[in-house]
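Numbering (the numbering used here), first residue to last: 55 to 350. Note that CB positions come from ideal geometry on N, CA and C, so glycine has one too. All remarks here apply to the structure that follows.
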């Protein structure tokens, strides 16, 4: 009886040893895609990347190639890529990090011309990979970056970036890499909201005649009013309000960007005595805050 128990225990121990050697190998086994395509293994799992057309700005002799903005997925990290396509040479696979180009120089016929580009174009980063063919999968390669991909907007191309559709994705948030049209819209909304808030505070200061915090709202030409200039402003404002009446409300009706930090806003202001007046203000971003810098 004792010998039978010992034999049984011995068998179980032998099975345990065998399983302990097999389980790590099973855990390391990797499922592979069955359909052709380009895949990224990310912290969100495996994602099938979609190809998107490259945009061009310029002429047949000289041009810039890029993307309007992200169209592919976003993730926090990328482990590797699986490229499963027919007749693709590993040497033709390239990964670029995109950077936004607002303007650039085009050459042609012995002259250069500066043009607006407003595209996300390949930067100067050079990414190296270990490219591994997959046994029993003739058209499949695994591309492993030799260094982690940091936050950014990326595009994987088969062949030259300028000639092909590319597979784009973002490490981080796609909203941090907007197209030019989206960036302009976001900026207009930011300016409109800031101008509305500034006008509400400005109107309260003017109506009360208490200018203690005027510099928090109004800085003509970017400067703080003081001394004789402040006195002249307060006297002129009081004269105007005596004739026009107190300001009941101000509404920003249009925003026109001047440059990266300045914008002109059309304002519809309602006064107690003279009613609605069309006015204009300029707002400027100084540091991380907006100020009214001009009133017309």
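Secondary structure of residue 242 (DSSP, three-state): helix. Residue 186 and residue 247 have their C-alpha atoms roughly 52 Å apart.
Of 144, 209 and 333, the smallest CA-CA separation from residue 107 is found for 209. Under a 10 Å Cβ-count criterion, residue 172 is classified as buried, with 16 or more other Cβ atoms of the shown protein chains found around its own Cβ. Residue 320 is not a Cβ neighbour of residue 336, given a cutoff of 9 Å. In terms of Cβ geometry, residue 149 and residue 174 do not form a close pair [threshold 9 Å]. When Cβ pairs closer than 8 Å are counted between the two stretches, the region 295-302 is seen not to touch the region 222-242, the count staying below three. Under DSSP, residue 121 forms a beta bridge with 174. Inclusion of residue 119 and residue 176 in the CB contact set at 9 Å is warranted, their separation being smaller than that value. By the C-beta density criterion, residue 346 is buried, having at least 16 other C-beta atoms within 10 angstroms.
Contact between the region 90-103 and the region 121-135 is present: 3 or more CB-CB pairs across the two stretches fall below 8 Å. Shown here, residue 89 sits in coil according to DSSP, grouped into three states, outside any helix or strand. Counting only the Cα atoms, residue 222 lies some 15 Å from residue 197. Under DSSP, residue 323 shares a beta bridge with 304 and 331.
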